[in-house]
Structures are given as structure tokens and as C-alpha cells.
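Numbering (the working numbering), first residue to last: 144 to 936.
All C-beta atoms, glycine included, are put in the ideal place defined by N, C-alpha and C.
Because the structure is a prediction, the values reported are computed rather than measured.
Here the structure is laid out as C-alpha cells; the discussion comes afterwards.
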């Protein structure tokens, strides 16, 4: 995490410029530096890219940037090396006689266009689906949304943000009527308490953790409440560490709220003036006294009470939430209860009083804003006819061309449609579902169907690309220009630094080429989309965002160049951006303006507009109570452990990039299994032993790492696919992907898949000759550090 730069409450975070250059190079030898931002996590750190002789040779942090003040995450320090990997895709590939062979762009695109036209003619728009990423740019997402929702008219559009940030969006809609993070990273500078719910910030957003560490090292350090079953670095710094049994988060949150209400740590004036639903919450949480919660969650009642006291008595509370809450069967219900803590305490819109329902990917916020995750562009409400008409005017289309007959189709449902045969074409962009989705044997079977025409657009031949009918070589970060927005609404520009290899093209150019070949036209016969450059696409997006919560109209490429990123909404009223939302107690929840009318937190059934108007006619924040429901697949005598999956600081998603960076690969080269000392003794497992982990869906082989994880829970990192990186299909490195084991199930509200509660069993296969290949300076640190372990400090 680098050297500490301590600072006190209310002070500015000091600058510290991190950098890494190719060995032997100095900053003076760099030809030029190009402005950009980080793309291997969601923090949105401002970066400069070092270029020499037409190639990337390093990065440095932008000390002027509000997000990172010059610091750089370890993935970003080294991950750029993947751009120059020798196995980059450089030419289109098409499947011929069962094999992928090289082709030119005309041949590849003509094949896609022919299939698209045939499907539209024979089966209609619903036979076509798009599955995108959290790593493209605003300009590319918006272009894809116009093509998919407008030109084609399909409702089957989603992103792999469904796996990481769908619950963040849904929880914000449920509480505030609209997406958009209320808080700001600068709340770390002002708070006297930080609560992190299922958020291992030390490994997922390391620069944000650096900011927290510097506050802890300064005067007036904040108290820390950590909710995580693993002994993360956050847990080690926590004032109170709660390690509940996975799948019990709603019970835990109801217990915390029970204590807050029972002790009357409530801002009743704020609740009365700005919210609806308090009485229902009070009735619900009264059923969750500490003793009941302790039994459900398997924690000590006094720990629950100690955590509640911090939350209830803090003057300024910052809360963050991530995958530990999001990837569960009651994901949205649990995340909404975090919002409820802030609503009953009146802690919104003031310095140090923020909520960050975090993202997992660098541009996940933009999939939601632009409509590339299935929602409609500009945070418009699919169930509000006036919003559809507004979007139709922007795109110059008949409103009936834009699908709004039902909620947008989430990715797991799209795959079910493909499995059943109604979805015949799937276009996958910059993601690797053959490793990242649950129950991988089923996913591979679906993607391999002859009747499914699979297009994969990526920078490497991933496990998913290897199954495709057409593979399109895309330009990577630093090889194109565009903008993107981080988890606290900060917008950055990323300039093109180098040319893409071979025939690779930017995702924007590929989408526009497809639209042109398809002959898409608006109501006046003009090309749809009409733009041809990134900046023109950004200007079109600004028009789409005008008057909506995510208003970009005050931004431009020129305004984003040279300085810091800027937070939306940025418009004539807020020309320098907006640090925090809801400072005046007014919310984007008015029935005619809100993005969503909400859902039942148990069933996921959408509320009717009339129900919402009756419940919330004045557009207040909504305090929404939730009953606790046990996990769908609890432990049993045959499967006595709870399996959870997650990340390590050294890798991003399926290691497509980080596995090709030597330093990052060396730090965490292979999959491992974390198990507690208690469970390892019972099972006769020692550090480094080879263990078979099984669930009702499959098995994985991994080396055991004995950690301080809570008993009854085992952990697998999800990054490792069934190929090595770079790919070597003949290596025999199969059955190491954690998602061979996870189940096909999802939260009923956000539709986010469940990666945190699978029942598992273990079998020792053989002794290991060395410690597990897991880092020792992260949550995977062994109980007893062994020399030579990967990732040792």
C-alpha cells in the first residue's frame, strides 16, 4: 500500500505520486505522457500512460486527481503489460468446419449481418441478445444501447455488471427512486466511522483503502466496522469485526437496525420530513433482538451490539457495500437495509455522511447510465410511457420500436432463453462468461449449441471466444479514446496512447460498422446512430442525459483534459460537478421522474405505477423493511461447508489481462482453497495439501491454504479459468474454475447471481510439496507464514 501520508478529520488527503516504468527507464526518457484512468477496478484512479517509441512503457498516478491524489493500484502498476502480449487477437476469426480460422473484416461482419437479418426476418428482435462488459467507454455503451434497444428493438441487453453491480443499482432505486451514489470518496476525509459490508476494500479498491489507512494513521481516526467472514486486512484494522455465516446478511442488518431504533439513535425530524416507511421498518426489526440474530448469524451478541453502537452514535458515518452482500439470495434486501441505517440517522448529503453501493468494474456505472445493462438510457423508467416517448424523440423513432413491454432481460434469463432455443444470437463484448458465470458446465453447453450464433468481441482468445462462431479483435484501453465514470460518479477521459495491434478496432468502430452494414435508419431515413467519432458520441450522450439525474451537459472532452475527473451531475447549475447527492433532502423519487417504481424485496415482483404513487406521492426516500429468508442451499451432512468465492488484489475478473502481467501472475499464479484451522484439523488437511472441493454441480482441485477464515466456510478465488493464461488447452489445467461449483440462482430483485452460498464438501487428495500458491499479504494470509509462498511481502 506504499508509505502512509497521515491526515486528520476535515483535512485534505495529501498527494503521493506512484509510478512504474519498464526496467532501466527513467521519467526523462519517456517520449510523452497520455492522460487516462484505471480500468482494473472500479475506483477510477487518474493515471498518465508513459509512451516511448510508440509503445506503452509504464504508468504514473495523477496527483491532481480528486480520486487518488497520485496513488496507483498494484493491478494498474503492472497490468498495462497485457496490451503488448504476443497472443493478442489481431485479425477476425470465423468458424469453418468446426475450427476458428482467420478472415478479413468484410467476411466476418458480413456473416454477422447475414445472421442478424435472417433472425430479424424469421424470429424477430427477441431472438437476438447482447451481453457486454463493465470495461468499455460511455461512447461505446451508448452506441450499443441505441443499436440494441432502438434499431433492433430487443429487450435482451445486459452486461457482466449483472455479476458485480446490479444490486448496487437496484438498492439505490429501491431507497431513492433512482440510481446514483449519494456519497463521495471525500467522505473518508470527514467521517468518524466507516462501515464496510461485504466489501474487502483492501483488495478490490486498494487506493480507497490507502485513503482509509491514512485517516487511521492520522489524528481523530475513524472507527471501523467490518462485516466479512474472512480475516481481511480491513478486519484486522476494524474496531468491530462481524463474521456472520454467509447468507444471513438480512438478519444481521435487521439486528443492527433493531439496536439503533431500540436506543432511539434516530433523527426523527429527518425521518418525518424526508422519508416514508419508518413504521413498517420498526415493526420488522423488533423481531430481531441480538439473541435471535446471534443464533442465525452465528456471532456473539455483544459484537452485534458493539457494532450497532458505533453506527448509532457516530456523528458522521460512511458506509460501503460490495460483493459479500451483492452475490447472495437476499442481495437487494440486505443492501437496502444499509441505506435504511443512513435514512433513520439522517446521514446523507453532508461531508462524512455517505453511502457507496460500490461497483466491481471500472465502467459499471456507465452500463447503468447508458442502458447497456438492460435499463433505459439516462436512468429512464421502462414502465413510464412518457420516458419512452422522450427517448424515442431523442433517437427519432416510433416509441413502440423501443421495447418496454416487460422489465429488461437479465443475463441469466437470456441464457435460459438460449438454452430453450428462443434466443438464437448472442453478441458478447469484453467479457468471459465461460469462466465468470455460475454452473460452468451448463454455461459451456449453452454457448456451444449449434443453433446459437455466438459473436465474441475481445482482445484475447478467451475460453468464451474459443466457443464463438465469429471472433472480432478489439482495441484495448490506451488504444482508443473515450470517457468513463467511477463508483462515486467521477467522470474521466482516457486518451488514445498507442495504436491497436494488427487489424484490431475499437468497440465503437465495430458497433458503428455493424449499424452501417445493417442499414439502420431513424424515422427520417437518416443513419442510426448518426455519429462517427468518440467525441460526437459523447456529445450525443450529453443530450440523452440532459435533465436526468446523471446530467453530463456541463462536461466536454476539453473540460476533462488536463485536470481532475469531475462528478456528475455537471450542468449549468453545477458547472464544477456535484460532490454529494440529496444534500437538501430532495430525492429523485417523484413518481413522474423516478427511474423505477420499486419491487417486492422477497419475490422481485415490480410495483405498479399506481401502487408507487399511492405509497410515495411526494417523492420521498423510501425506508423499505425486509424479512429474513434462509439461504437456498444450506449445508447438509453430505455438504457440510458453505463455499464462497471472491477476488484477490493481484487479479481482475478472469485474469484476461492480469494473468499476462508477470508480476501479477507471479503473486497469485494458481487457484487455492482457504479453510479454517478448526476445519483443517477435522478434515486432516495441512497447508499446501491438494484438496477436491465438490458441490452438487461439480468439483475443483486446489491447494489448501489454512487461514483465519471462520469455521464452516471455505473460499475459492474465482479468477482462474479452465485454461492457463496465456491459454494452453493441452496443459490439463481443468477443473480449477470456482464457478464449476456455484449454482444457477439469483437475487429476485437485482437478478444478481448467487456466488456466496453453495453447500460444499472437501476431500484430501494428496500431500502438497510446498505452501499453497496464495498471497500472504492479503486476506489469504496463512495462519503460519511459510517462506517462499507466492505474494510474500
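Could you pull out every residue in the same chain whose Cβ sits closer than 7 Å to the Cβ of residue i, ignoring the five residues on either side in sequence?
| i | result |
| --- | --- |
| residue 151 | 361, 362, 363 |
| residue 334 | 365, 459, 460, 461, 495 |
| residue 440 | 387, 388, 391, 394, 395 |
| residue 578 | 606, 797, 864, 880, 882 |
| residue 210 | 186, 187, 188, 189, 328, 629, 633, 708 |
| residue 763 | 417, 418, 419, 730, 732 |
| residue 720 | 709, 710, 711, 713 |
Are residue i and residue j close, meaning C-beta to C-beta below 9 Å?
| i | j | result |
| --- | --- | --- |
| residue 864 | residue 413 | no |
| residue 521 | residue 687 | yes |
| residue 492 | residue 725 | yes |
| residue 301 | residue 554 | yes |
| residue 630 | residue 343 | no |
| residue 618 | residue 599 | no |
| residue 356 | residue 147 | yes |
| residue 480 | residue 397 | yes |
| residue 236 | residue 608 | yes |
| residue 917 | residue 811 | yes |
| residue 292 | residue 581 | no |
| residue 207 | residue 190 | no |
| residue 367 | residue 339 | yes |
| residue 644 | residue 250 | no |
| residue 277 | residue 692 | no |
| residue 952 | residue 658 | The structure shown does not extend to residue 952, since the chain spans only 144 to 936, so no value can be given for it. |
| residue 700 | residue 602 | no |
| residue 257 | residue 500 | no |
| residue 788 | residue 885 | yes |
| residue 457 | residue 336 | yes |
| residue 924 | residue 821 | no |
| residue 620 | residue 226 | yes |
| residue 402 | residue 448 | yes |
| residue 613 | residue 238 | yes |
| residue 173 | residue 639 | no |
| residue 475 | residue 314 | yes |
Assuming residue i and residue j form a contact by the criterion Cβ under 8 Å, report the distance between their Cβ atoms to the nearest whole angstrom.
| i | j | result |
| --- | --- | --- |
| residue 204 | residue 161 | 5 Å |
| residue 507 | residue 286 | Not confirmed; about 18 Å, so no contact. |
| residue 289 | residue 671 | 7 Å |
| residue 279 | residue 650 | 5 Å |
| residue 695 | residue 685 | 5 Å |
| residue 486 | residue 418 | 5 Å |
| residue 786 | residue 901 | 4 Å |
| residue 766 | residue 421 | 5 Å |
| residue 543 | residue 299 | Not really, about 17 Å apart at Cβ, beyond 8 Å. |
| residue 470 | residue 898 | 4 Å |
| residue 739 | residue 224 | About 41 Å separates the two Cβ atoms, so there is no contact after all. |
| residue 326 | residue 498 | 5 Å |
| residue 781 | residue 868 | Wrong, their Cβ atoms sit about 34 Å apart, outside the cutoff. |
| residue 385 | residue 446 | 6 Å |
Considering only residues of the same chain and omitting the five flanking positions on each side of residue i, which have a CB-CB separation below 8 Å?
| i | result |
| --- | --- |
| residue 936 | The predicted model places residue 936 with a pLDDT of 29, which falls under 50 and marks its position as unreliable; any figure quoted below should be read in that light. Cβ neighbours of residue 936 beyond the five flanking positions: 919, 920. |
| residue 795 | 183, 184, 218, 222, 801, 862 |
| residue 541 | 535, 666 |
| residue 260 | 661 |
Identify, in the order they occur along the chain, each residue of the same chain with its Cβ nearer than 6 Å to the Cβ of residue i, setting aside the five sequence neighbours on each side.
| i | result |
| --- | --- |
| residue 913 | 831 |
| residue 906 | 835 |
| residue 930 | Note that residue 930 scores a pLDDT of 37, beneath 50, so its modelled location is shaky; the value from the coordinates is reported in the next line. Cβ within range, chain order: n/a, list empty. |
| residue 932 | In this prediction, residue 932 scores a pLDDT of 40, lower than 50, which makes its location untrustworthy; no coordinate-derived value is stated. |
| residue 350 | 186, 188, 211, 214, 216 |
| residue 814 | 845, 863, 879 |
According to DSSP, residue i sits in a beta bridge with which residue or residues?
| i | result |
| --- | --- |
| residue 591 | Paired residues: none, contrary to the question. |
| residue 635 | 627 |
| residue 650 | In DSSP, residue 650 forms no bridge with anything. |
| residue 904 | 837 |
| residue 201 | 164, 193 |
| residue 749 | 742 |
| residue 273 | 300, 570 |
| residue 846 | 815, 833 |
Is the region 461 to 472 close to the region 397 to 415, with three or more CB pairs under 8 Å? A contact between stretches requires three or more CB pairs, one per stretch, nearer than 8 Å, and the region 461 to 472 fails this requirement with the region 397 to 415.
Taking one C-beta from the region 757 to 776 and one from the region 345 to 362 each time, how about it: are there three or more such pairs within less than 8 Å? Output reads no: the region 345 to 362 does not touch the region 757 to 776.
Could you tell me whether the region 704 to 713 touches the region 631 to 641, where touching means 3 or more Cβ pairs closer than 8 Å? The region 704 to 713 vs the region 631 to 641: in contact.
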